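Okay, structure first, notes after.
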Amino acid sequence: MPFLTTRFEDVATALKRCADGVPCLLAAVELLIGHRFWLQREDFLERFVELDVDEATGRTLGWVDWTGAVAGLTSRRLVCSDGQRQVLAIAASLAEGVPVDLRDAVCGLDGPTIALLVDVVAVASGHRQGQPSW
Numbered sequence: 495m496p497f498l499t500t501r502f503e504d505v506a507t508a509l510k511r512c513a514d515g516v517p518c519l520l521a522a523v524e525l526l527i528g529h530r531f532w533l534q535r536e537d538f539l540e541r542f543v544e545l546d547v548d549e550a551t552g553r554t555l556g557w558v559d560w561t562g563a564v565a566g567l568t569s570r571r572l573v574c575s576d577g578q579r580q581v582l583a584i585a586a587s588l589a590e591g592v593p594v595d596l597r598d599a600v601c602g603l604d605g606p607t608i609a610l611l612v613d614v615v616a617v618a619s620g621h622r623q624g625q626p627s628w
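Counting from 1 along the sequence shown, just add 494 to a position and that's the residue number in this note's numbering.
Structure (structure tokens):
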């Protein structure tokens, strides 16, 4: 499915559908959606995001090649700021357990990104912010 004709919202919905019911994966996807940067980069989408139509439902599903994306960061094929690198590394760690140094990953993130990170950690733990844990 070509990304040039796929809207941000459609990619986000497809990724969330595929992550539904898997809290850590959903948290990773919500981090990318909330941050927006990676899901608006054509090179990232074409190399590391796959979209496919479920023939049974006709709905589009999407998933990220997290390991490949981290390899792209490590090899410097994905040029980005430190904050953007940190967001993708944290998302990959949430999604697939890719090791990340939290001290390095959270230092220097701006306020809105830290707030987003707090929200997605709640999602990863199975709790939405503002909902009781019982």
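Glycine included, each C-beta is placed from N, C-alpha and C at the ideal position. A quick note: this is a predicted structure, and the numbers were derived from the prediction, not measured.
Quiz item: Using 8 angstroms as the Cβ pair cut-off and three pairs as the minimum, do the region 552–562 and the region 505–521 touch?
Solution: Yes, they touch.
Quiz item: Closest by CA to Trp-560, which one among Val-543, Arg-570, Ser-569?
Solution: Translated into positions along the sequence shown, residue 560 becomes position 66. Closest option to Trp-560, Cα to Cα, is Val-543.
Quiz item: According to DSSP, which residues form a beta bridge with Thr-554?
Solution: As a first step, residue 554 must be located in the sequence shown, where it is residue number 60. Its beta-bridge partners are Val-547.
Quiz prompt | Selected residue, minimal CA-CA separation from Cys-601, among Leu-567, Leu-610, Gly-577 | solution = Your numbering for residue 601 matches position 107 in the sequence shown. Comparing Cα positions, the closest option is Gly-577.
Practice problem: Could you check how far apart the C-beta atoms of Leu-545 and Ala-585 are, in whole angstroms? I think they sit under 8 angstroms. | Solution: Looking up residue 545 in the sequence shown gives position 51. Looking up residue 585 in the sequence shown gives position 91. Contact flag wrong, Cβ pair sits at about 18 angstroms.
Self-check item: Three-state secondary structure (DSSP) of Leu-603
Solution: Translated into positions along the sequence shown, residue 603 becomes position 109. Of the three classes helix, strand and coil, the one that applies to Leu-603 here is coil, per DSSP.
Self-check item: Other residues of its chain near Asp-537: CB distance less than 7 angstroms, five sequence neighbours each side excluded
Solution: The sequence position of residue 537 within the sequence shown is 43, counting from 1. Excluding positions up to five away in sequence, the list is empty.
Quiz prompt | Proximity below 8 angstroms, CB of Ala-583 to CB of Cys-518 | solution = Counted from its first residue, the sequence shown places residue 583 at position 89. Counted from its first residue, the sequence shown places residue 518 at position 24. Going by beta carbons, Ala-583 and Cys-518 fall outside the 8 angstroms limit.
Quiz item: Taking the alpha carbon of Val-592 as the point to measure from, which residue in Val-617, Ala-563, Gly-620, Asp-504 has its own alpha carbon closest?
Solution: For the purposes of this step, residue 592 is identified with residue 98 of the sequence shown, where counting begins at 1. That would be Ala-563, whose Cα lies nearest to the Cα of Val-592.
Quiz item: Taking only beta-carbon atoms, is Arg-511 less than 8 angstroms away from chain D?
Solution: Protein chains in the displayed structure number just one, and chain D is not present.
Quiz item: Under the rule that 16 or more other beta-carbon atoms within 10 Å means buried, what is Thr-568, buried or exposed?
Solution: Walking along the sequence shown from the start, residue 568 turns up at place 74. Around the beta carbon of Thr-568, fewer than 16 other beta carbons sit within 10 angstroms, so the residue counts as exposed.
Self-check item: Collapsed DSSP secondary structure at Ser-569 in the structure displayed
Solution: Position 75 of the sequence shown holds residue 569. In the three-state DSSP reduction, Ser-569 falls in the coil class, being neither helix nor strand.
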